[in-house]
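Input: a single structure, listed below in structure tokens.
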């Protein structure tokens with residue numbers, strides 16, 4: 570079977586037996602069919618042109634004509650009507666569902682549902698074993714599980730003064746006072762604390778700009 | 097070609113390829129044609145017959161029906177006129 574996609578046939582004689590046409594356009598073409606495997610036309614368009622039946626395909630219209638003139642015109646008209654409506658082109662429509670797959674097969678539905686539920690149960694079980702049981706039993710060697718975090722007892726927590734603001738203000742005031750006062754830091758090694766302003770003046774008078782001296 | 101004369105067919109399927117029917121009646125019958133040698137009907141009567149196509153005949157009708165279903169009803173119309181003897 571040859572497949573033609575999105576092609577334009579114009580003013581041609583096209584032998585269509587056993588071919589598949591998708592999205593093709595036929596302009597003023599002679600569609601020749603010789604009785605082989607019926608071609609398939611999917612989303613095709615036609616403008617002008619004609620159909621030419623040859624070889625074995627010629628017999629079918631002749632058979633219908635014979636029946637028509639012999640008195641079975643009603644049956645023939647039925648076939649022609651279905652041809653015109655396209656309802657005889659069963660190869661252009663999806664294949665009908667298998668009757669066994671339609672209707673009320675509750676037993677089969679229940680069986681499939683049970684199998685599906687079992688599979689889901691097994692998957693959940695595998696995750697449960699893989700993430701919880703296996704790491705504990707195999708990796709940790711059966712060691713008793715411990716919580717990842719422990720609550721610190723209240724007595725271990727550092728105690729904070731009840732009047733935190735007062736304490737903070739006092740501490741700040743003390744530190745500021747130290748910045749503006751003289752005191753020995755280490756009398757043995759000759760280290761003293763002097764006010765910041767005095768330290769700046771000494772540095773300026775000494776002419777030294779090296780920090781840390 | 098097999099010739100069948102003066103036979104009444106009722107409630108059955110009759111394969112008509114390569115047969116000649118003379119003076120026969122067909123009542124509630126399915127005429128099956130597979131695209132073989134054309135049958136002949138002489139002085140026959142038909143009452144509530146259905147037509148069934150197989151093989152090449154079915155393929156031919158699929159082809160024509162496919163054209164019609166894809167927007168080329170004129171082709172089928174020409175064939176219909178030929179069948180009716182109007183063209």
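Protein chains in written order, with my numbering: chain A, 570 to 782; chain B, 97 to 183. For every residue, glycine included, the Cβ atom is placed at its ideal position computed from N, Cα and C.
Quiz item: Hey, does residue 99 of chain B have any beta-carbon neighbour from chain A nearer than 7 Å?
Solution: no
Self-check item: Continuous alpha helix (DSSP H) assignments of at least 4 residues falling wholly in the region 599 to 653 of chain A
Solution: 628 to 639
Practice problem: Determine, using beta carbons only, whether residue 598 of chain A comes closer than 7 Å to chain B. | Solution: no
Exercise. Check whether the Cβ atoms of residue 628 of chain A and residue 131 of chain B sit closer than 7 Å, and answer yes or no.
Key: yes
Exercise. Less than 8 Å between the CB atoms is what I'm expecting for residue 109 of chain B and residue 98 of chain B, so what's the real figure, rounded?
Key: The Cβ separation is near 16 Å, so there is no contact.
Exercise. Going by CA-CA distance only, name the one from A:617, A:684, A:688 that's closest to residue 163 of chain B.
Key: A:617
Quiz item: What whole-angstrom Cβ distance do residue 121 of chain B and residue 640 of chain A have, given they're in contact under 8 Å?
Solution: That pair is no contact at about 10 Å.
Quiz item: Roughly how many whole angstroms lie between the Cα atoms of residue 676 of chain A and residue 694 of chain A?
Solution: 27 Å
Practice problem: May I ask you to report which of helix, strand or coil DSSP gives residue 720 of chain A? | Solution: coil
Quiz item: Starting from residue 688 of chain A and walking both ways along the alpha helix (DSSP H), at which residues does that stretch end?
Solution: 675 to 697
Quiz item: Is the CB-CB distance between residue 125 of chain B and residue 105 of chain B below 7 Å?
Solution: yes
Practice problem: Please confirm if residue 653 of chain A has its CB atom under 7 Å from at least one CB of chain B. | Solution: yes
Quiz item: If you count every other CB in all the chains shown that lies within 10 Å of the CB of residue 773 of chain A, and 16 or more means buried, which is it?
Solution: exposed
Practice problem: Out of A:726, A:725, A:740, state which residue places its alpha-carbon closest to the alpha-carbon of residue 732 of chain A. | Solution: A:740
Quiz item: At a CB-CB cut-off below 9 Å, which residues of chain E make contact with residue 634 of chain A?
Solution: The chain inventory of the structure shown lacks chain E, comprising the protein chains A and B.
Quiz item: chain A beta carbons: is any one of them nearer than 7 Å to that of residue 166 of chain B?
Solution: yes
Practice problem: Pick helix, strand or coil for residue 768 of chain A, following the three-state DSSP scheme. | Solution: helix
Quiz item: To the nearest angstrom, how far is it from the Cα of residue 634 of chain A to the Cα of residue 680 of chain A?
Solution: 55 Å
Practice problem: Could you name the residues of chain B that residue 629 of chain A contacts, counting a contact when the two beta carbons are closer than 8 Å? | Solution: 129, 131, 149, 152, 153, 156, 157
Quiz prompt | Bridge partners - residue 126 of chain B, DSSP secondary structure assignment | solution = B:109, B:146
Practice problem: Would you list the one or two residues that DSSP bridges to residue 572 of chain A? | Solution: A:589
Quiz item: Can you tell me the Cα-Cα spacing of residue 155 of chain B and residue 161 of chain B, whole angstroms?
Solution: 10 Å
Quiz item: Does DSSP put residue 715 of chain A in a helix, in a strand, or in coil?
Solution: coil
Quiz prompt | Buried/exposed call for residue 147 of chain B, threshold 16 Cβ in 10 Å | solution = buried
Practice problem: Specify the secondary structure class of residue 763 of chain A as computed by DSSP and reduced to three states. | Solution: coil
Quiz item: From residue 760 of chain A to residue 737 of chain A, what distance separates their C-alpha atoms?
Solution: 28 Å
Quiz item: In terms of alpha-carbon separation, which member of A:646, A:648, A:611 lies closest to residue 167 of chain B?
Solution: A:611
Self-check item: Beta-bridge partners of residue 705 of chain A, as assigned by DSSP
Solution: Residue 705 of chain A pairs with nothing; no bridge assigned.
Quiz prompt | Listed by chain order, chain B residues near residue 700 of chain A by CB distance under 8 Å | solution = Near residue 700 of chain A there are no residues of chain B at all, since even the closest Cβ is about 57 Å away, more than 8 Å.
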